[in-house]
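Asks:
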Amino acid sequence: MKATRVYLLLHVLLSVGVLVHTFEPFTTTLVLGVGAALGRTIYNYLHESCDKKWIAFNATGLQVDLEAKLFGQHIASRIILKAVTGFMSNDNPKKPLVLSLHGWTGTGKNFVSQLIADNIYKEGMDSSFVHIFTSELHFPHLSQIDTYKSQLQQWIKGNVSNCAHSMFIFDEMDKMHPGLIDSIKPYLEYYEKVDGVSYRKAIFIFLSNAGGESIIQTTLDFWKAGRDREELELKHLETELSVSVFNNKRSGLWHTSLIDKNLVDFFVPFLPLEYRHVTQCVMAEMEAKGLQPDQNVAVQLARDVLYFPKTERVFSVKGCKTIASKLDFYT
Ligand SMILES: *[C@@H]1O[C@H](CO)[C@@H](O)[C@H](O)[C@H]1NC(C)=O
Ligand SMILES: *[C@@H]1O[C@H](CO)[C@@H](O)[C@H](O)[C@H]1NC(C)=O
């Protein structure tokens, strides 16, 4: 990225030189005008702006990333690819895309959000059009809920006014105050405009552990029955998921009318990860770090990770979450 930018800058500077040279017989005003136009061009080259140069969805890229980098999540992969591709290739969506990702810690919810961002924004998660909110970080004090509400509404409105293709990620959605979630509801609706702003091209991603336990139970039942994990389908999880999500008093989202009003387009379950997925994570992490992927290291590390339930020891307690930091001790 950096190298490309330097190259572009040089390229533009050279063009300025050539142009100034060409325009020498003309008035200074003209040269200055050209200079200003080129100044803007340079600025646009270097500064992320809300246009096709910086925001261009790559469906193949997302597919390749999901296949190569996300492990053990055949259901989530499929839904995400379909949902995001469908939404991004629609020039006139009727509502913003709202995804709700559910599952145990370390199963790839944050990671998938990153893959989506990487394939929409040139700057990926560093894009100024991607916004992450974490309850504990951004909205920690219950007493200030009213301030948070208006602040959050202003942020969403301000950012979508700046760029329709904005993305908002809400981490730890289950710890979010219900009132806060209610306050963003108007933006998720089918409205053409809210206060003169259209939110229909925005993407909202909710991450939560809600429903994680029922996903684990279903996956475990499958495993115990000796069935292939890849045979698991959304329909096996859907009922359980919605029941546990609805009845979970702690998960604020679900008591609001988000579900009643069908504002969430896709519920995406993330399955607990097995030993073999942990080894895949290690191999991928080694590659990402520029190391030679080493099966021995992967096996060793995956063996040292904790698994549950106590008797069967099928699923990694922390999924692939601590792999990156652990790897330093093994290489
Ligand atoms: C889209 O992603 C594919 C696979 O990663 C890559 O080969 C291709 O160059 C990308 N296209 C664009 C326009 O970036
Ligand atoms: C956009 O959102 C960020 C929070 O991610 C906030 O700090 C910023 O003020 C918002 N921008 C506008 C123009 O409202």
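Using the working numbering, you'd call the opening residue of the sequence shown number 2 and step up by one each time.
Don't be surprised by glycine CBs; every beta carbon is placed ideally from N, CA and C.
Since the model is a prediction, treat every value here as computed from it, not as a measurement.
Over what stretch of residues does the beta strand (DSSP E) that includes S101 continue unbroken?
Replies: L98 to G104
Asks: What is the rounded straight-line gap between the Cα of D147 and the Cα of V161?
Replies: 21 Å
Asks: How would you write the range of the beta strand (DSSP E) that T86 sits in, first residue to last?
Replies: Note, T86: premise wrong, no beta strand (DSSP E); alpha helix (DSSP H) at H75 to M89.
Asks: If you draw a straight line from the C-alpha of F267 to the C-alpha of G36, how long is it?
Replies: Rounded to whole angstroms, F267 to G36 spans 49 Å at the Cα level.
Asks: Are there 16 or more other CB atoms within 10 angstroms of the CB of T332, so buried, or fewer, so exposed?
Replies: exposed
Asks: Give me every residue whose Cβ sits closer than 5 Å to any heavy atom of ligand 2, in chain order.
Replies: H132, W156, G159 and N160
Asks: How would you write the range of the beta strand (DSSP E) that S50 sits in, first residue to last?
Replies: Taken as a continuous stretch (DSSP letters only), S50 belongs to no beta strand (DSSP E), as it is neither H nor E.
Asks: What are the boundary residues of the alpha helix (DSSP H) that includes T148?
Replies: I146 to N163
Asks: Judging by CA-CA distance, which residue of T108, E124, L116 and A289 is the nearest neighbour of D66?
Replies: L116
Asks: Just to check, is the beta-carbon of G62 closer than 7 Å to a non-hydrogen atom of ligand 1?
Replies: yes
Asks: Could you tell me the alpha carbon to alpha carbon distance between L221 and S199, rounded to whole angstroms?
Replies: 43 Å
Asks: D196: which of Y188, K202 and A203 sits nearest, CA to CA?
Replies: Checking every option, the nearest Cα to that of D196 belongs to Y188.
Asks: Determine which residues share a DSSP beta bridge with S209 and list them.
Replies: H103
Asks: Rounded to the nearest angstrom, what separates F316 and T106 at their Cα positions?
Replies: 12 Å
Asks: Between which two residues does the beta strand (DSSP E) harbouring F267 extend?
Replies: F267 to F271
Asks: With respect to the beta strand (DSSP E) encompassing M378, which residues constitute its N-terminal and C-terminal limits?
Replies: Given that the chain is displayed from residue 2 to residue 332, the structure contains no residue 378 and the question cannot be resolved.
Asks: Check whether the stretch 311-330 touches the stretch 270-287, counting contact only when three or more Cβ pairs, one atom from each stretch, lie closer than 8 Å.
Replies: yes
Asks: Should N333 be counted as a contact of ligand 1 given a C-beta to heavy atom distance under 7 Å?
Replies: Residue 333 lies beyond the stretch modelled for the chain, which goes from 2 to 332, so this question has no answer here.
Asks: By the 10 Å Cβ neighbour count, where 16 or more other Cβ atoms means buried, how is N120 classified, buried or exposed?
Replies: Classification for N120: buried.
Asks: When burial is assigned at 16 or more other CB atoms within 10 Å of the CB, is G109 buried or exposed?
Replies: buried
Asks: Between V283 and V269, how many whole angstroms is the CB-CB distance? I'm expecting something under 8 Å.
Replies: Contact between V283 and V269 is absent: CB atoms are separated by about 25 Å, not below the 8 Å threshold.
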